[in-house]
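As structure tokens, the structure follows; a few thoughts come after it.
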Amino acid sequence: DSELGFTEHLFKVLVIGDHKVGKTSFVKRFVKNQFYEELKTTIGVDFSMKVIDWDSHTRVRFQLWDIAGQERVRGLNRVYFKGSSGAFVVYDVTNRSTLDGALNWKHELDGQVMLKNGCPIPAVLLANKCDETKVWNASLLEKLCQEKGFIGWFQTSAKENINVDEAAKFLVKHILQNN
Ligand code: GDP
Ligand code: MG
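In our numbering, the protein residues as written are 1 to 179.
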């Protein structure tokens, strides 16, 4: 906060979900507006930063944490989740088991980190690769979101740039409400 009434926030935001669902692609689309058909699976955690001028007196630095190829290394998670303000939980609409995976990730997230008031940190469910097939189970997703405590869901395509910015804006809005 500054005397000029200009506020800068730094938000750590996790991008979690099963292997190959499009987490890295989502981040690259959001941060660089690019898409790569062949992405190397790197080991470790990729950090990306995107600055969003939310309004004339609020700047948001969005620090995205993307697990790279260690989705199954559960021991990593406690350190990884620490201090995060929000999360994108991604699944692949062409691969049903990744939806179960996403729900497991949400469960894991809620067990590791919470807001000061004890509520879960805001998490958005992303039904990614919607360019491949239509999301036919919208009402199921609606229900899952309610049950599992997601703030909402979007069908996204990192490839075709569908709903990427919309999902991010939605998450920022909710994170700002908690600050
Ligand atoms: P990650 O393991 O979750 O980080 O997944 P990647 O971002 O590496 O993506 C895995 C594969 O899915 C890559 O071949 C991507 O090109 C592809 N992919 C990612 N997002 C999309 C999408 O929105 N639509 C389609 N059709 N393919 C995608
Ligand atoms: Mg990746």
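Idealized CB from N, CA, C, for every residue including glycine.
Here the alpha carbon of Gln112 sits roughly 7 Å from the alpha carbon of Lys82.
Residue burial annotation: Trp105 is buried, with at least 16 other C-beta atoms found within 10 angstroms of its C-beta.
Taking the Cβ atoms as the reference, Val21 lies roughly 14 Å from Thr133, outside the contact range of under 8 Å.
Less than 7 Å divides the Cβ of Tyr91 from the Cβ of Gly17. Runs of alpha helix (DSSP H) with 4 or more residues, each lying fully within the stretch 28 to 115, are found at 77 to 81 and 97 to 112, listed in chain order. Looking at Thr94, Arg29, Pro122 and Phe62, the one whose alpha-carbon comes closest to that of Gly149 is Pro122. Secondary structure note for Lys12: its beta strand (DSSP E) is the uninterrupted segment Thr7 to Gly17. Taken atom to atom, the span from the alpha-carbon of Asn163 to that of Val135 is near 13 Å. Note on Thr94: under 16 other CB atoms within 10 angstroms of its CB, so exposed under the neighbour-count rule. Assignment of beta-bridge partners to Asn128 by DSSP yields Asp92 and Thr156.
A straight-line Cα-Cα distance of about 6 Å links Ala87 and Val124. Taking His9 as the centre and dropping the five residues before and after it, the same chain places the C-beta of Val60 closer than 6 Å to its C-beta, in chain order. Asn161 has its CB no nearer than 6 Å to any heavy atom of the ligand GDP.
In the three-state reduction of the DSSP assignment, Ile175 falls in the helix class, which pools H, G and I. Ile67 places its beta carbon 7 Å or farther from that of Val31. For Ser85, the CB contacts under 7 Å within the same chain, skipping 5 residues up- and downstream, are Phe11, Lys12, Val13, Ile121 and Ile175 in chain order.
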